[in-house]
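Residue numbers (this note's numbering): 6 to 138. Everything below concerns the one structure shown next.
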Amino acid sequence: MIAICQLCSKAKLILKLFFSISSGLKHPTPIQENCIPKIIEGRDCIGAAKTGSGKTLVFALPILHKLCEDPYGIYALVLTPTRELAFQIGDSFAVIGRAINLRQSIIVGGMDMVAQGAELAKKPHVVIATPGR
6 MIAICQLCSK AKLILKLFFS ISSGLKHPTP IQENCIPKII EGRDCIGAAK TGSGKTLVFA
66 LPILHKLCED PYGIYALVLT PTRELAFQIG DSFAVIGRAI NLRQSIIVGG MDMVAQGAEL
126 AKKPHVVIAT PGR
């Protein structure tokens, strides 16, 4: 595995790395191209796009970028309306965060609260949750 600090010596390295090795993607989609740079700069961004256009990467890659800049200082919360979407987002983070040993927890209703509390005690980099939990 690549150490977090070794992976991110340049601001756009995480994006280049992802698009060079990931599941056949060669170029960012329009929503990714328009939103990711703004989010990395710390600006707010609202976007809408069709299913399958890569919206998850729009927020996931800047989170990983920030984690690369400060591997001990980021904890992100991703709120999603449904359990199914939480697990889908978790799967995406698992794939793109594997190279930097990303720790994540999925906290949703209908699951054991004690086990979820234990997951949070491990201080994950990213918590993906539904509002009810």
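Note that CB positions come from ideal geometry on N, CA and C, so glycine has one too.
Assuming residue i and residue j form a contact by the criterion Cβ under 8 Å, report the distance between their Cβ atoms to the nearest whole angstrom.
i	j	result
L82	A126	Not quite, the Cβ-Cβ distance comes to about 16 Å (not below 8 Å), so this is no contact.
L90	P136	Not quite, the Cβ-Cβ distance comes to about 12 Å (not below 8 Å), so this is no contact.
R138	G114	5 Å
L72	I105	7 Å
V131	F98	6 Å
I36	G52	5 Å
Using CA coordinates, which residue listed in the options is at the minimum distance from residue i?
i	options	result
H32	Y80, M116, G59 and M118	G59
V86	G52, I94 and K128	The sequence shown places Pro at residue 86, rather than the Val named in the question. Among G52, I94 and K128, the Cα nearest to that of P86 belongs to I94.
Q57	G102, T34, D96 and I79	This sequence places Gly at residue 57; Gln is not what is there. Comparing Cα positions, the closest option is T34.
### the segment 56-67 touching the segment 108-115, judged by at least three CB pairs closer than 8 Å
No, the segment 56-67 does not touch the segment 108-115.
### Every unbroken beta strand (DSSP E) inside the segment 28-83 [3 residues or more]
Counting whole runs of 3 or more residues, the segment 28-83 contains no beta strand (DSSP E) stretch at all.
### Task
Give, in chain order, every unbroken run of the alpha helix (DSSP H) that is at least 4 residues long and sits entirely within the segment 90-129.
Look at the segment 90-129 and you find these whole runs of alpha helix (DSSP H), each 4 residues long or longer: 118-126.
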